[in-house]
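Just below is one structure, and these are the notes that go with it.
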Amino acid sequence: MQTHYIDAGVNLTSSQYESEREDIVMRATQAGVVNMLLIGSNISDSQQSQLFAKQFGYVSTAGIHPHDAKDAPENYVKSIEKLLQHPEVVAVGECGLDFNRDFSPRSTQQKVCQQQLELARNAQVPVYLHERDAFDTMKSLLLETSVTGVLHCFTGNKDALSFYLEYGLYIGITGWVCDERRGAELQSLVPLIPDNKLLLETDAPYLLPRTLAPKPKSRRNEPAFIHEIANQVAKLRGQTVAHVAKLSQDNFERLFDKRHGT
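See below:
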C-alpha cells in the first residue's frame, strides 16, 4: 500500500519549474503526494500560487516574504485580504523576518511582518512564518498578538523550538534535516517535536535532500522527494515512515481545515 504524503511548502511558481509544472505535479502524485501548500512570497506570486492551487487541486498562501518587504505595494494588505476570499488560499505568508541575508531593511521587515500577523489574527487564518537569524525579534512580534500557524523550515535552536511550541505553532521540517554538514542541531531537535505539531515540507525547488540517491541531474528539489525527508525524520524519531507521513497529513488538515473543509 502506497504511503500518502502532503508537502507543506512548495514554491511551484519558481522559474526553475517554468516549462514543466505539470510534470512536477505528475511525479508528485505518482510518489503519493496528495496535497501541497503552494507558497506566495509577494502579491503577484501569491496570485499565481492561488491559480495553480485551483488548477491542480491544492491550497496556497498569500503574503509578503521578508526578502520582498522593501518592494511591498502600499495596498498589499488589501490585496492579501482579497486573495484570502478564494477557498484555495488558507494562510497569510510567507511572512516573517530574515536577518541572515537582510535583502530588506530590518525595520521594514518588522513592519510588514507585524501587519501580516495582525491581518492573520483579524481574518482568523494561520500564518506561514519565515524566521532566519531573527528569533528574538520574531518572539517579540508574536508576543504582541495571538496567531496560529507554522514556523516554516525550522532551523533554530532548542530555545527557539521551545518558544514556538509553547506559543502553539506547528514546526515545518525540510531537507535541511538531511544535511550532515549544517543540520546536526536540527537532527537533535526533531525528536522533541510533539506528534501533533510536526509538518513535512520540501521548500522545493530549494533544499534538495543531501541524502537523496541518486540525485537528479538538475540538482533541483521537487515535491516527489518528500519521502526522503519523511525517511530521515522517521529515523530520528524512532517511528515508521508511514506513521510520520500520517502525522504530517493529519496536522496539515487540522491547521488548515477552516478553508479547505477537511
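Here full-length UniProt numbering is used: the first residue of the sequence shown is 1, the next is one more, and so on. Beta carbons: idealized from backbone N, C-alpha and C, even for Gly.
Cβ-based neighbour list, residue i, same chain, cut-off 7 angstroms, excluding 5 preceding and 5 following
| i | result |
| --- | --- |
| Q114 | L141 |
| Y76 | I43, I64 |
| H4 | G32, V34, A245, Q249 |
| Y164 | L151, I171 |
DSSP bridge partner residues for residue i (one or two, in chain order)
| i | result |
| --- | --- |
| G96 | H130 |
| L7 | For the record, residue 7 in the displayed sequence is Asp; it is not Leu. Paired residues: M36. |
| V170 | Residue 170 is actually Tyr in this sequence, not Val. Partner(s): V150. |
Cβ-based neighbour list, residue i, same chain, cut-off 8 angstroms, excluding 5 preceding and 5 following
| i | result |
| --- | --- |
| H67 | S41, D98, R101, F103, S104 |
| L208 | G175, K215, P216, R219, R220, N221, F225 |
| D159 | F135 |
| D7 | A28, V33, N35, M36, L37, L200, E201, T202, A204, P223, I226 |
| Q110 | L97, T137, L141 |
| L198 | Y170, I171, I173, V233, V244, L247, S248, N251 |
| L161 | F154, I171, L189, L192, I193 |
Residue i - DSSP class collapsed to helix/strand/coil
| i | result |
| --- | --- |
| V241 | helix |
| S140 | helix |
| A72 | coil |
| S41 | coil |
| T108 | helix |
| V89 | strand |
| S60 | strand |
| S19 | coil |
| R101 | coil |
| A31 | coil |
Span separating the alpha-carbon of residue i from that of residue j
| i | j | result |
| --- | --- | --- |
| G183 | V244 | 19 angstroms |
| N157 | F135 | 9 angstroms |
| E166 | K139 | 11 angstroms |
| A120 | S188 | 32 angstroms |
| H260 | S49 | Residue confidence for H260 is low, a pLDDT of 39 falling below 50, so the modelled location carries little weight and cannot support an answer. |
| L200 | S107 | 31 angstroms |
| S15 | A204 | 12 angstroms |
| Q239 | P194 | 12 angstroms |
| K246 | F256 | 15 angstroms |
| Q85 | R181 | 42 angstroms |
| residue 264 | C95 | Lying outside 1 to 262, the shown extent of the chain, residue 264 is not represented and no answer is given. |
| D23 | E88 | 21 angstroms |
| A53 | D45 | 12 angstroms |
| G93 | V59 | 13 angstroms |
| V241 | G9 | 19 angstroms |
| V127 | T148 | 6 angstroms |
| D179 | T211 | 7 angstroms |
Residues near residue i by beta carbon distance below 6 angstroms, same chain, minus five either side
| i | result |
| --- | --- |
| E81 | none |
| F132 | Reading the sequence as shown, one finds Arg at residue 132 and not Phe. Only D98, N100 meet the Cβ criterion. |
| A72 | I64, V112 |
| Q116 | G63, V92, C95 |
- Query: Taking the runs of the beta strand (DSSP E) that are 3 residues or longer, which of them lie wholly in the segment 152–236?
  - Reply: The segment 152–236 contains, as complete beta strand (DSSP E) runs of 3+ residues, the segments 170–173, 198–200 (chain order).
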